[in-house]
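Asker:
Numbering (the numbering used here), first residue to last: 42 to 249.
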């Protein structure tokens, strides 16, 4: 029974980690493109895709059941901590996709359309991931650089900066930094600083 419990808990843990890695890996690729778009959620517009119901219907809800009989009281506490840590990483990822996501989520929640808010939550933003990231709210194209780069940055600007500052190349192209505008130019900010409140809280649950 001990082996079965460990296996069940291990599967739950791996599912959480794999989900986080998949989300992160997708946007590491995004950050190599041209930066477009805006951080202002109001500028995206609130036109709703006419075929929203059909898009939602493309998903089949699946219930994932926890084999509670394989988990003792301590295992269940561990699983709860992993769940709480994963929800924090969801909040972090929402911000990585687009800097206007949090404001737009709040607007959708205030609007009272649970169907639209749910589809937004499913896609971590207003772009349909099963439809080549076409917007289903507004008309703004998904920023190629997500929020890893300034919304108005182009690949040419990034390449010009690196050419003029070759010492920045490694950190600017690293997988664990974001690029921000500062007085006098650009700076690479480590995830550990940019997302410190989220990472610290998630780490607390993981340590527990």
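Cβ atoms here follow ideal geometry from the backbone N, Cα and C, with glycine treated the same way.
Rounded to the nearest angstrom, what separates residue 112 and residue 246 at their Cα positions?
Answerer: About 19 Å.
Asker: Compare the Cα-Cα distances from residue 87 to each of 135, 168, 103 and 121 and report the closest residue.
Answerer: The shortest Cα separation from residue 87 among 135, 168, 103 and 121 belongs to 168.
Asker: At which residues does the alpha helix (DSSP H) containing residue 244 begin and terminate?
Answerer: Looking at the DSSP string, the run of the alpha helix (DSSP H) that includes residue 244 is 237–248.
Asker: So is residue 115 buried or exposed if we call it buried at 16+ other beta carbons inside 10 Å?
Answerer: Looking at its Cβ environment, which holds fewer than 16 other Cβ atoms inside 10 Å, residue 115 is exposed.
Asker: Let me check understanding here. Comparing Cα to Cα, which of 182, 178, 240 and 198 lies closest to residue 156?
Answerer: When each option's Cα is compared against that of residue 156, the closest is 178.
Asker: Hey, would you say residue 231 sits closer than 8 Å to residue 217, going by beta carbons?
Answerer: Cβ atoms of residue 231 and residue 217: closer than 8 Å.
Asker: With a cut-off of 8 Å on the beta carbons, I'd call residue 137 and residue 188 a contact; round off their distance for me.
Answerer: Confirmed, Cβ separation roughly 5 Å.
Asker: So, with DSSP's three-state summary, where would you put residue 74?
Answerer: Because residue 74 carries a pLDDT of 38, less than 50, the predicted location of this residue cannot be relied on, and the following value inherits that uncertainty. If DSSP states are grouped into helix, strand and coil, residue 74 belongs with coil.
Asker: Any idea what DSSP makes of residue 167, helix, strand or coil?
Answerer: Coil at residue 167, not helix or strand.
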